[in-house]
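Visitor: Pasting in a structure now, in structure tokens, and then I'll have a few things to ask.
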Amino acid sequence: MTKECDICSRPVLEQCSLCEYHAEAKHSLEWAFAAWKRAYGIGWEEYLEKVVGEENLGDWAREVVVYLIEQNDS
């Protein structure tokens, strides 16, 4: 049985709970966070709250941000 992405119904990558698209988006978000942290001195949760409203944020990344925010709230 193939595991499904926590966000969509695509198959997940090995050792991951996300599909290749959402995993890549999460990686990009984590990479960008390092720059935001250096520039603004903010934490991960604050970063997620700020970027979710960015107009130029891609769909895959936005879905990951919403998922991560929901995970933090639960």
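Residue numbers 1 to 74, in the working numbering, belong to the letters of the sequence shown in order. Note that the Cβ used here is the ideal one computed from N, Cα and C, for glycine as well.
#1: I'd like the list of long-range same chain contacts for E49, defined as Cβ closer than 8 Å, with 5 residues on each side in sequence excluded.
#2: Three Cβ pairs or more, each shorter than 8 Å: is that satisfied between the segment 1-9 and the segment 38-48?
#3: Tell me, please, whether the segment 57-64 touches the segment 25-32 by the rule of three or more beta-carbon pairs shorter than 8 Å.
#4: Less than 8 Å separating the beta-carbons of V66 and V52?
#5: Cα separation between A39 and L57?
#6: So, helix, strand or coil for E4, using DSSP?
#7: Could you spell out where the alpha helix (DSSP H) holding S28 opens and where it closes?
#8: Specify, as a first and last residue, the run of the alpha helix (DSSP H) that L57 falls within.
Guide: Put simply:
#1: I69
#2: no
#3: yes
#4: yes
#5: 19 Å
#6: strand
#7: 20-40
#8: Neither: L57 is in no alpha helix (DSSP H) and is coded neither H nor E.
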